[in-house]
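Participant: Next up is a structure, given as structure tokens.
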Amino acid sequence: METSLGVDIISRDPRIYAMVILSKEGNRFLPVLKESGSRLKLLKLIKNYTPTYMGIDSTEEFSKNDLEKLSKYVSIVQVTGKFDDFTSLPVLAKRHKINLNPKNPFDEAYALARLPFDGVGYKLKMFEDETEILVSSGRSLGRGGYSQGRYQRRTFALIKYKVREIEKYLSDEGFNFDIEVVEREGGFSKGTFKVYSNFENIPIKSSRGDIRIEVRPLKKSSIEYEALEKKVETSNIKDKYVIVGVDPGTTVGLSVLDLEGKVLAIISKRSFSMSDVKEEIRKYGYPLIFASDVHPPSGFIEKLSTSFDSILYVPPLSIPVREKNELSKDHETTNAHERDALSAALKAYLHYKNKFTQIKSKIPPELAPYSSRIIGEVIKGLPIKEASDKVKEGMAEKEDEIKIEQRNPEEIIQEQLKIIENYKEKQNTLKKDFENLQTESINLKKKLQEKESTIIALERKLFDILGSQKKEALKDNVIKTKNFEITSLRKSVEILKTKVNMLTEENKRLKELKPLMESEDIIIGKVLPVFSIDGIRNLVKNQDLTEGDVVYLKDATGGGAEAAKMLSEIKIKAVLITSKVSHQAQEELIGGGIPIIDSKDIKMEIISKFVILDKESFDLVYNKEKELLNAFKKERESNKLLKIIEDYKEQRKSDYKA
């Protein structure tokens, strides 16, 4: 099921379009969609419904960028024709029996969707049937450090690898293409492919990264128009066949000869696209033979030859420079591209010259003016008799067309008078519409002035209201600020109350402790909340830790050799623990002669920063631990002495052997 989209402009600022989609089933046309919207909505509809055609009234209703973007997804058809073959939409609608109200954009959109199905209009060609693939660095290769050269070589190698990968893929898929590379140390700095195929057919996609791949269709220098339904040509371009030599590349060389070997043109141009080359060739005739100077030929020449259904002449071996100079010596060429194109065309002419002469000698005298066409048909494979009969049939058809076109002048005058009357009626209608619009414009201006006066009055009222609201808002802000401050102060008071209660409770417990301090049955130790250097320093700073104190480690974890060394240097009496101390801390305390006592073995009570110890139970455990510590130290010293003696003996033995 084929679908077609018709688009007509409703307003220019902002641009709003009337859009109608029709589907064709046999001879019936069924409405699919009727909507209005912006160009973004238009693009969305095209992507969703994928219509075959998008019929428009005029390219002026779209920007060039919009047309280029849309033409990637749909064939755009200017239904009313091109500048030298224009027919208004109402006339076309009447001719194809379509009801149309010229004032209704949706009626026009319907007609624009309908007419392309009947082969009416010209297809817009925005792009060449060529695609450029550019492979280059995706990062800057500018100034850098010591490794800049190595980075550049790596990048050039990656570009070369990617170029060769794309080249292999295009060859495997059967694409015709030409390639140009810029060689650098280690690889390529850039690779450019010119693929002779439509952008839509290329499966390679653009990408960015360390290596950038850019795939883009080649834009035409101007919009070209291609008739949907080809018209019968009154004069056949194939009446004049030519031989074309081509030297492809960034600069394209072109040479055109007639079938007598006469040089008609020698041209070279930079960035000469395929469509430009075709247009240039058509100025001189229809190409019978395309000629290459190299073997094998480039994809550019193969594509040209295929598009014209022409013969491709390729020399058995690439033509040497000496032979090229010899072939082109009688003609003026400005560069090597022109010389190569000319030598290719002349080489092809010399190859077919005898055959041309032989065919020409057999052409009847009355068909001599059509000798070029007959030679072309014979070279392509037709026998001379069939080629001659074909030309005669063409001549007879032209005579019939001339007879048909000879009409009665009275009929032509009457037809023209009717057209003039129709235009006069349209002019009167437009004049009335213009007068109505002027009246409507005056009324709208009056209404606009009234609205502006109302707006000014309302703005004044609004200003007064906003002024009073602003004052109220300021008051509310002040109240909110004060409430926030009060809430913050209340929180601070609560925190201070809690702190006071804690200190009061602590003070009460310290008062209870005072009588105990005078007792000889207890020992008062100091509590170290955190076994760390900072914790010890804070205790010393507040004069809460002195020589001979018993220290209770509330949390022994985390304490290292440095913290233990600090306690040893203060010369405390003992350390009480509830959990294991680290091996490093234990070694340091033992080395300082400080016993490590498990708090479970002693009757004790913690009050604030102090620990109250039962003297009897503490002394018992302390003396036991002290004896063990002294014994351990003596054993360690004894072991050290034995080790020294053993080492001495070993040394003496080795000296004796020596």
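Residue numbers (my numbering): 30 to 687. For every residue, glycine included, the Cβ atom is placed at its ideal position computed from N, Cα and C.
Could you tell me which uninterrupted beta strand (DSSP E) segments, each at least 3 residues in length, are contained entirely in the stretch 586-623, listed from first to last along the chain?
Facilitator: 603-606
Participant: Is DSSP giving Ser336 helix, strand or coil here?
Facilitator: Here DSSP, grouped into helix, strand and coil, assigns Ser336 to helix.
Participant: Tell me the DSSP secondary structure of Arg311 in three-state form.
Facilitator: Three-state result, Arg311: helix.
Participant: Would you list the one or two residues that DSSP bridges to Leu153?
Facilitator: Tyr254
Participant: Can you tell me whether DSSP reads Ile695 as helix, strand or coil?
Facilitator: Because the chain here runs from 30 to 687, residue 695 falls outside it and cannot be looked at.
Participant: On a Cα-Cα basis, can you pick out the residue from Glu591, Gly622, Gly621, Met633 that is closest to Ile606?
Facilitator: Met633
Participant: Taking the continuous beta strand (DSSP E) assigned at Leu34, which residues delimit it?
Facilitator: 31-41
Participant: Looking at the secondary structure, which residues open and close the alpha helix (DSSP H) in which Ser218 lies?
Facilitator: No alpha helix (DSSP H) holds Ser218; the beta strand (DSSP E) holding it covers 216-224.
Participant: Are the beta-carbon atoms of Phe647 and Ile635 separated by less than 7 Å?
Facilitator: no
Participant: Indicate the three-state DSSP secondary structure (helix, strand or coil) for Lys298 in the structure shown.
Facilitator: In this structure, Lys298 counts as strand in the three-state DSSP scheme.
Participant: Please report the distance separating the alpha-carbon of Pro145 from that of Val106.
Facilitator: 7 Å
Participant: For Ala186, which residues from the same chain have a beta carbon less than 6 Å from its beta carbon, with the 5 sequence-adjacent residues on both sides left out?
Facilitator: Gly215, Gly216, listed in sequence order.
Participant: Based on Cα-Cα distance, which residue from Gly66, Ile272, Ser100 lies nearest to Pro80?
Facilitator: Between Pro80 and the set Gly66, Ile272, Ser100, the nearest pair of CA atoms involves Ser100.
Participant: Using DSSP's beta-bridge definition, name the partner residues of Thr280.
Facilitator: Arg299
Participant: Let me confirm a value: Tyr198 is counted as buried when at least 16 other C-beta atoms fall within 10 Å, else exposed. Which label applies?
Facilitator: exposed
Participant: Nearest CA to the CA of Glu617: which residue from Lys602, Ser417, Leu596, Lys629?
Facilitator: Leu596
Participant: If you draw a straight line from the alpha carbon of Ile388 to that of Leu411, how long is it in whole angstroms?
Facilitator: 11 Å
Participant: What would DSSP say about Gly148, mapped onto helix, strand or coil?
Facilitator: coil
Participant: What span of residues does the alpha helix (DSSP H) with Asp136 cover, start to end?
Facilitator: 134-143
Participant: What's the call for Pro246, buried or exposed, on a 16-neighbour Cβ count within 10 Å?
Facilitator: buried
Participant: What residue from Ser683, Thr116, Gly577, Lys191 has the CA that sits closest to Ser236's CA?
Facilitator: Lys191
Participant: Rounded to a whole number of angstroms, what is the C-alpha to C-alpha distance between Thr149 and Lys248?
Facilitator: Note that residue 149 is Val in the sequence shown, not Thr. Each residue's Cα considered, the two are about 25 Å apart.
Participant: Let me check understanding here. Comparing Cα to Cα, which of Pro277, Leu658, Thr184 lies closest to Gly238?
Facilitator: Thr184
Participant: Would you check if the distance between the CB atom of Lys583 and the CB atom of Val556 is smaller than 7 Å?
Facilitator: yes
Participant: Report all residues from its chain with a CB closer than 7 Å to the CB of Asp369; omit the five preceding and five following residues, and keep chain order.
Facilitator: Contacts found: Asp276, Gly282, Asp322, Lys353.
Participant: Would the stretch 221-230 count as touching the stretch 61-69 if we require 3 or more Cβ pairs under 8 Å?
Facilitator: no
Participant: Just the Cα atoms here: how many angstroms apart are His499 and Leu491?
Facilitator: The sequence given here places Lys at residue 499; His does not occur at that position. Answer to the nearest angstrom: the Cα atoms are 12 Å apart.
Participant: Out of Lys602, His360, Ile562, Gly588, state which residue places its alpha-carbon closest to the alpha-carbon of Glu576.
Facilitator: Lys602
Participant: Relative to the C-alpha of Val343, which candidate in Glu253, Glu289, Val273, Asp627 has its C-alpha closest?
Facilitator: Val273
Participant: In this structure, how does DSSP classify Leu671 when only helix, strand and coil are distinguished?
Facilitator: helix
Participant: By the 10 Å Cβ neighbour count, where 16 or more other Cβ atoms means buried, how is Leu371 classified, buried or exposed?
Facilitator: buried
Participant: What's the gap between the Cα of Ile162 and the Cα of Ile208?
Facilitator: The straight-line gap from Cα to Cα measures roughly 9 Å.
Participant: So, is Glu454 buried or exposed, given that buried needs 16 or more other C-beta atoms within 10 angstroms?
Facilitator: exposed
Participant: Under the three-state reduction of DSSP, which class applies to Val49: helix, strand or coil?
Facilitator: strand
Participant: Have a look at the DSSP bridge pairing and note the partners of Tyr82.
Facilitator: Ser33, Ser104
Participant: Got a sec? Which residues, its chain only, sit under 8 Å from Arg489 by beta carbon, not counting five neighbours each side?
Facilitator: none
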